[in-house]
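Taking it in order: structure first as structure tokens, then the write-up.
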Amino acid sequence: MGCKLTRYKLLLTLWDMTAPFMRRVAWIPEPGGPEVIEIRRDAVAPPSGADVLVRVEAVGLNHVENLVRSGRYAVSRSFPCPAGIEGAGVVVASGPEAGLDPGTRVAWTAGFGCCATMAVLPASILAPLPDGLAFEEGASLAHAALTAAGLIRHCPVPAGAAVLVWAAAGSVGQLLVAQLAARGVRVAGVASGGRTAAVMAAGADRAVDRSREDVSTAVRDWCGGSGVAAVFDPVGADTYRTNLGVLAARGCLVNYGQLSGALPEVALEDLMNAGSVFVTKYGPKARVIAPGDVGKVAADGLRTAAAAALRVPIAARFPLDRAADAYRALDHGPQGKVLVLPHAG
Ligand SMILES: NC(=O)c1ccc[n+]([C@@H]2O[C@H](COP(=O)([O-])OP(=O)(O)OC[C@H]3O[C@@H](n4cnc5c(N)ncnc54)[C@H](OP(=O)(O)O)[C@@H]3O)[C@@H](O)[C@H]2O)c1
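Converting from the sequence shown to this note's numbering requires adding 180 to each position, the first position being numbered 1.
Here you go:
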């Protein structure tokens, strides 16, 4: 890897960094499904200030992108705009205030418009990619690292408490399990079939196989009947009732996704009957991570992932020309990350 990067740096010295550069980019001309995405060529100005020009090696796709593009989410964007928020690649050039050397391997989330061969991104969102992680892994884990850290800040749980993590073999789930376990929190993580091995490897105390166990019973048995202090749930509709049933008195359900549809109307009566529990939906508007800290927080999570040797399965890889198919694949519940590899043939 080191030798490859040195050759890369030599090439960069021959590049005219003052000229605009041409790139190919997945473009969203208007709101809609994946079918609206088209591939364009455009010219991008060289980086200035604290911006960085990155050669994008892998783009990680996230469910929220489909929700936002189709208008099914509380956060909206204005169109037209380029696709992509998460990825990994190599620094090509830095603005004078960015302070990142060409050749540095980086990963990011909140890199709006990065589904392209090249992108200009703010230095504050870039996290150095640890040696143990490949580009594909960086592009699979950066957004998850930020989300897991945000969830833990949003709902801090003391050491010794018991919590339930759904989708625990997913990218957010594994990082959440690892970071909670590192704080001394006891975690039961739900996954299906062979994916429970990744949940235990991430540091869970108990992995619940939802394909053959009743989750409520398994969790109640595991925590001695008293219920869990918190549930971290990206599933939404399907798991809402189960979650109310496994929470301890005054416990907290933190929903952060709608893999099975949005939560039903939350009735205060139900919350009282479940033990006067709390329900919250986590998102970027929680403001638990300052915009200037995004790269630093993602870097912490990537170091955790490298140290714990976490591996998120890759469900599918697509070349840039097939970006629309890649976003389509996200809607079919892939078990693992869907990637776009902008330089693949
Ligand atoms: N709010 C935020 O800021 C934020 C940020 C990032 C991600 N998210 C959300 O978090 C969610 C997970 O992201 P991720 O990248 O970690 O996902 P992922 O790796 O794709 O994990 C999804 C897993 O959830 C489980 N699952 C799916 N449907 C389920 C159901 N009906 N019941 C129970 N389990 C189900 C499946 O695992 P098993 O079959 O192994 O159980 C599936 O593989 C997404 O909805 C995403 O939008 C939110």
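For every residue, glycine included, the Cβ atom is placed at its ideal position computed from N, Cα and C.
Nonlocal neighbours in the same chain, by C-beta distance under 7 Å from residue i, ignoring five residues either side
i: S391; result: S372 and G373
i: M181; result: Residue confidence for M181 is low, a pLDDT of 46 falling below 50, so the modelled location carries little weight and cannot support an answer.
i: M202; result: R221 and A223
i: P310; result: L482, R483 and A486
i: L534; result: This structure cannot settle anything about residue 534, because the visible part of the chain is limited to 181 through 525.
i: R252; result: none
i: L448; result: none
i: L451; result: V457 and V459
C-beta atoms of residue i and residue j nearer than 8 Å
i: D385; j: R400; result: no
i: A521; j: A238; result: Position check: residue 521 holds Leu in this sequence, whereas Ala was assumed. For L521 and A238, yes; Cβs fall inside 8 Å.
i: A509; j: A496; result: yes
i: A314; j: A278; result: no
i: A325; j: L355; result: yes
i: P536; j: A299; result: Examination of residue 536 is not possible in this model, given that the chain is present from 181 through 525 alone.
i: G275; j: A230; result: yes
i: R220; j: V270; result: no
i: V408; j: V379; result: no
i: A296; j: A223; result: no
i: P211; j: Y507; result: no
i: E316; j: I494; result: yes
i: A362; j: G383; result: yes
Close Cβ partners of residue i (< 6 Å) along its chain, the five nearest in sequence each way excluded
i: Q438; result: G416
i: L190; result: Annotation note: pLDDT 49 at L190 (below 50); position unreliable, coordinate value reported separately. Closer than 6 Å at the Cβ level, and outside the excluded window around L190, lies no residue.
i: S440; result: V415, G416, A417 and D418
i: A524; result: P499
i: R375; result: A349
i: G425; result: S396
i: G312; result: A486
i: S406; result: A428
Contact test: residue i Cβ vs ligand 1 heavy atom, cutoff 7 Å
i: L280; result: no
i: S396; result: no
i: V352; result: yes
i: Y420; result: no
i: A371; result: yes
i: T484; result: no
i: L439; result: yes
i: V415; result: yes
i: V244; result: yes
i: H323; result: yes
i: P522; result: no
i: G327; result: With the sequence shown as reference, residue 327 is identified as Thr, and Gly is not the correct amino acid for it. Within the cutoff, so yes.
i: Y462; result: yes
Given residue i as reference, the closest of the options once Cα atoms are compared
i: L443; options: M298, E449, D413 and V468; result: D413
i: V492; options: R235, L247, G353 and L306; result: G353
i: A268; options: L355, P260, A287 and R220; result: A287
i: A466; options: R333, V244 and V270; result: R333
i: A347; options: A328, A362 and P464; result: A328
i: R421; options: E393, N453, A378 and G369; result: N453
i: D505; options: E210, V224, N246 and W402; result: N246
i: A381; options: Y253, T484, G213 and R235; result: T484
i: V388; options: A362, S406 and L344; result: L344
i: G293; options: L233, L280, W402 and A342; result: L233
i: S228; options: V244, L321 and L280; result: L280
i: A342; options: H323, A322, W402 and A307; result: W402
Cut-off 8 Å between Cβ atoms - residues of its own chain near residue i, not counting five sequence neighbours on either side
i: A319; result: E237, A238, V239, G240, E266, G267, A268, A287, K517 and L519
i: I305; result: W288, T289, A290, G291, V474, G475 and A478
i: I208; result: V216, I217, R249, F259, P260, C261, P262 and A263
Original post:
If you pair each beta-carbon of the stretch 326-342 with each one of the stretch 511-525, do three or more pairs fall below 8 Å?
Top reply: no
Original post:
For the 8 Å Cβ check, are there 3 or more pairs between the stretch 444-461 and the stretch 423-435?
Top reply: yes
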